[in-house]
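Okay, structure first, notes after.
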Amino acid sequence: MWKNFKLNKFLLLIPLTSLMFCFNSPKDDDEKMQTIMVSVKNTLSYLHYSPKPINDAYSKDVYKHYFELVDPGKRYFVQSDMDEFGKHETKLDDYINQGDLTFYKLTIDRLYQRVDEIDKITQDIFSKPINLEEDENLTLEPKLKKVPANKQEQYTEWKKFIKYNILQEIESMNSKEEAQKEKKDSVQKYNLKDTIKYQPLNPDQKLKKATDEVKDLVKETFTRFKKRKKMDWFTVYMNAYTEVFDPHTNYYSPKDKEDFDTNFTGKVIGIGAIIQEKKGNLYLGALTIGAPAWKSKQLSEGDKILKVKSKPKEDAVNVVGMLSDEAVRLIRGEKGTPVTLTVQKKDGTTKDVTMIREEVAIEDTFARSIIVNSNGKKYGFINLPSFNADFENPNGRNASDDIKNEIIKLKGQGIEGIVLDLRNNGGGSLTEVGDIMGLFMNAGPYVQVKDGNGKIQTLKNKNETPIWTGPLVIMQNELSASASEILAGVMQDYGRAMIIGSPQSFGKGTVQTFVDLNRFLNTEDDFGSLKLTIQKFYRITGESTQRKGIVSDIQMKDFFTYAEVGERYDDYALAWDKIPATSFQKLNYFNIQALEKASNDRMAKNAKYQLLLESAQWREQLDKEETITLNINKFNDLMKQRKAQIEKFKSLTKFENGLQFSMYQNEIEREKKDEAFKKKSEIWIKNLKKDLYLQEAMNIIADMGVKS
68 MWKNFKLNKF LLLIPLTSLM FCFNSPKDDD EKMQTIMVSV KNTLSYLHYS PKPINDAYSK
128 DVYKHYFELV DPGKRYFVQS DMDEFGKHET KLDDYINQGD LTFYKLTIDR LYQRVDEIDK
188 ITQDIFSKPI NLEEDENLTL EPKLKKVPAN KQEQYTEWKK FIKYNILQEI ESMNSKEEAQ
248 KEKKDSVQKY NLKDTIKYQP LNPDQKLKKA TDEVKDLVKE TFTRFKKRKK MDWFTVYMNA
308 YTEVFDPHTN YYSPKDKEDF DTNFTGKVIG IGAIIQEKKG NLYLGALTIG APAWKSKQLS
368 EGDKILKVKS KPKEDAVNVV GMLSDEAVRL IRGEKGTPVT LTVQKKDGTT KDVTMIREEV
428 AIEDTFARSI IVNSNGKKYG FINLPSFNAD FENPNGRNAS DDIKNEIIKL KGQGIEGIVL
488 DLRNNGGGSL TEVGDIMGLF MNAGPYVQVK DGNGKIQTLK NKNETPIWTG PLVIMQNELS
548 ASASEILAGV MQDYGRAMII GSPQSFGKGT VQTFVDLNRF LNTEDDFGSL KLTIQKFYRI
608 TGESTQRKGI VSDIQMKDFF TYAEVGERYD DYALAWDKIP ATSFQKLNYF NIQALEKASN
668 DRMAKNAKYQ LLLESAQWRE QLDKEETITL NINKFNDLMK QRKAQIEKFK SLTKFENGLQ
728 FSMYQNEIER EKKDEAFKKK SEIWIKNLKK DLYLQEAMNI IADMGVKS
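The sequence shown: position 373 = 440 (my numbering), numbered continuously.
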């Protein structure tokens, strides 16, 4: 959850002189990083909702979190490194106060050194025969792993890691061969035209092919690592400091902030093409129908990108060997400006293609609806992936307008109820919640917000003309967070909607804003931004959603229920608390107890649901396995056991809920011209037909009856 928070008035409450640093423009990266460190520290101390004392205890937390970010698998550093680093464990508070780069430079220089050494180690491992018959085990759980005592132990650990990846590749080949054989047997059994290629490899061939695949993968990993600039690691270093305050307070470099804005607004200025990295080269991936790359009629998926000319008066930049995100930034630019790509076609010819950059919408971030036919009745299903908003453009898209448009379209189809899907929705703009609430009910408070000084503000929806007053079900899961939780929570508190899904949502009850660091500095350089927790929000009942989330009215477990998903599992998450309730008028739209009993009775008899829960528990047990064998015979036996178990759950993949889905006429027409849209629609509907939880949502909304 974050909002477009203007700091001008807010800063009047604190001594501005404490945040102003009259640094001159930095001469080099070191000076820039030092300035960022001090600026981050001061911004955290003065503006964070719950500032921590910058002391030795804080330093120890930062130290621990830093290595969880830099070397989570404990594969790069050895014990002598950690002994040396440990001398700084209680000094990181001093370093951020002073802008001292000693620890950062020591660890990152050592990291690059170790990567060079490990690159050579892996080359040596691959130069010798790989023996998969040794009786060894690999520790999978990072918390149980120890840092290698010395380089010999590090060599052994990397050899085990490589073996594990080879075994996985061989298992992947075995599975593909089994699937192909099954298809071929089926084709032959029914005397169909046989076009199935089935050419099984012998064990030696599989070992060689798998080894080559893993060798290429490891080589590419190190190549990418070495291309990564040290300033990129500085972002990781700063986030070790910020995330110990709370997990949603983060430092963003200028390019990271640009990516965040792109995802949040759901649009990008560019050519509409995915850029992919393969073995050190960049290739065009899928082209967005209607976007500049597609309209050029000269570019195709699979073209190798050689050069990018960002501006007419600048030289083209050779992008061979460049990281994809760097090339993307060259391709993006201002709307209406030209960009030229030099590409190598599949036939070996080279071509320069000039395009005019356009605004390309990332449609997967926007709301979309469809008509659902169930038991002879029509219902509306709306999927909202995020609470997107475009603060910079008054005519830009936002979630509430999109939802409004979808409701209007659904009402035109004569639907009798609406299911709003907030599953996997991680939130977005706080202001969109009130606007969406106003589409379903009259004016009233929707959230209480408390700042670090204890001041409480109640935000209210002022709309008195809802456009849908009929039955409403909101679907959530453990990944529904922030704005999703506010909307689900307030609709539950009023009694306006039934909340169904996971036992509880994610539990993120904090509000963030972006603070540009250079606003406090006497320079025009871009020092990046701090996404900062400045407030906590509370339901109109006074309860925080922090850690506890929203408890569903009708609870249905899923794959995430048995995993450690949610704010409550984060060591640095802020605590749950409660404030006084605000005044509101509860509605009486339905009988929760009756609906809950009817649903629970159905789900208790639903064999597929019970099988899904068994599958979820089994998969979670696999995820919690601490070690795995590296002996190929034992590994194969283990995979056979797992496949036998998977066979039990195979019917879940063939499940169909029996619901019928109807698209709008304008979308049907669009499919005839837009191949990408057609493909996405087909995948979307295919997944909806397999959605067991949507099936029950339709049962519940049918039970609610019509009220409009």
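The beta-carbon is built from N, C-alpha and C at its ideal position, and this holds for glycine as well.
Just so it is clear, the structure is predicted and the values come from calculations on it, not from any experiment.
Quick check on the burial criterion: 16 or more other C-beta atoms within 10 angstroms. Buried or exposed for residue i?
i, result
"residue 759", "buried"
"residue 339", "buried"
"residue 563", "buried"
"residue 159", "buried"
"residue 262", "exposed"
"residue 558", "buried"
"residue 565", "buried"
"residue 89", "At residue 89, the pLDDT of 46 sits below 50, so the modelled position is not reliable and the matter cannot be decided from this model."
"residue 642", "exposed"
"residue 718", "exposed"
"residue 513", "buried"
"residue 140", "exposed"
"residue 298", "exposed"
"residue 118", "exposed"
"residue 625", "buried"
"residue 395", "buried"
"residue 568", "buried"
"residue 520", "exposed"
"residue 76", "Because residue 76 sits at a pLDDT of 33, beneath the cut-off of 50, its placement in the model cannot be relied upon, and the following sentence gives the value as read from the coordinates. Answer is exposed; the Cβ neighbour count stays below 16."
"residue 223", "exposed"
"residue 96", "exposed"
"residue 606", "buried"
"residue 436", "buried"
"residue 221", "buried"
Give me whichever residues DSSP pairs with residue i in a beta bridge.
i, result
"residue 425", "337"
"residue 670", "Its beta-bridge partners do not exist; DSSP assigns none."
"residue 748", "DSSP lists no partner for residue 748."
"residue 376", "407"
"residue 205", "695"
"residue 135", "Partner(s): none; residue 135 has no beta bridge."
"residue 385", "374"
"residue 343", "350"
"residue 622", "568"
"residue 611", "605"
Could you give the C-beta distance for residue i and residue j, rounded to a whole number, given that I count them as a contact under 8 Å?
i, j, result
"residue 582", "residue 114", "7 Å"
"residue 723", "residue 756", "5 Å"
"residue 610", "residue 537", "Going by Cβ atoms, the distance from residue 610 to residue 537 rounds to 28 Å, so no, they are not a contact pair."
"residue 698", "residue 202", "5 Å"
"residue 628", "residue 574", "At roughly 14 Å, the Cβ-Cβ gap does not stay under 8 Å, so residue 628 and residue 574 are not in contact."
"residue 470", "residue 449", "6 Å"
"residue 554", "residue 504", "7 Å"
"residue 351", "residue 328", "So it is not a contact: roughly 24 Å between Cβ atoms."
"residue 278", "residue 233", "6 Å"
Mind checking which residues open and close the alpha helix (DSSP H) that includes residue i?
i, result
"residue 177", "169-194"
"residue 700", "699-716"
"residue 641", "Here residue 641 belongs to no alpha helix (DSSP H), and DSSP marks it neither H nor E."
"residue 688", "674-690"
"residue 282", "270-294"
"residue 253", "218-256"
"residue 152", "146-153"
"residue 299", "297-309"
"residue 396", "391-398"
"residue 735", "732-740"
"residue 265", "Unbroken run through residue 265: none, as it is neither H nor E."
"residue 557", "550-561"
"residue 98", "96-114"
"residue 648", "Segment: none, residue 648 is in no alpha helix (DSSP H) and carries neither H nor E."
"residue 564", "Looking at the DSSP string, residue 564 is not in any alpha helix (DSSP H), and its letter there is neither H nor E."
Determine the extent of the beta strand (DSSP E) in which residue i is found, giving its start and end residues.
i, result
"residue 541", "539-543"
"residue 695", "694-696"
"residue 352", "348-354"
"residue 727", "727-729"
"residue 319", "317-319"
Taking CB distances under 8 Å as the criterion, tell me whether residue i reaches chain B.
i, result
"residue 261", "No chain B appears in the structure shown, which is made up of a single protein chain."
What runs of the beta strand (DSSP E), each 3 residues or longer, lie entirely inside the region 568-606?
As far as the region 568-606 is concerned, its whole beta strand (DSSP E) runs of at least 3 residues are 577-583 and 596-605.
Beta strand (DSSP E) runs wholly inside the region 404-465, at least 3 long, in chain order
405-411, 417-423, 425-428, 435-441 and 444-450
Please give me, in chain order, every unbroken run of the beta strand (DSSP E) with length at least 3 that falls completely inside the region 471-533.
485-488, 511-518 and 523-528
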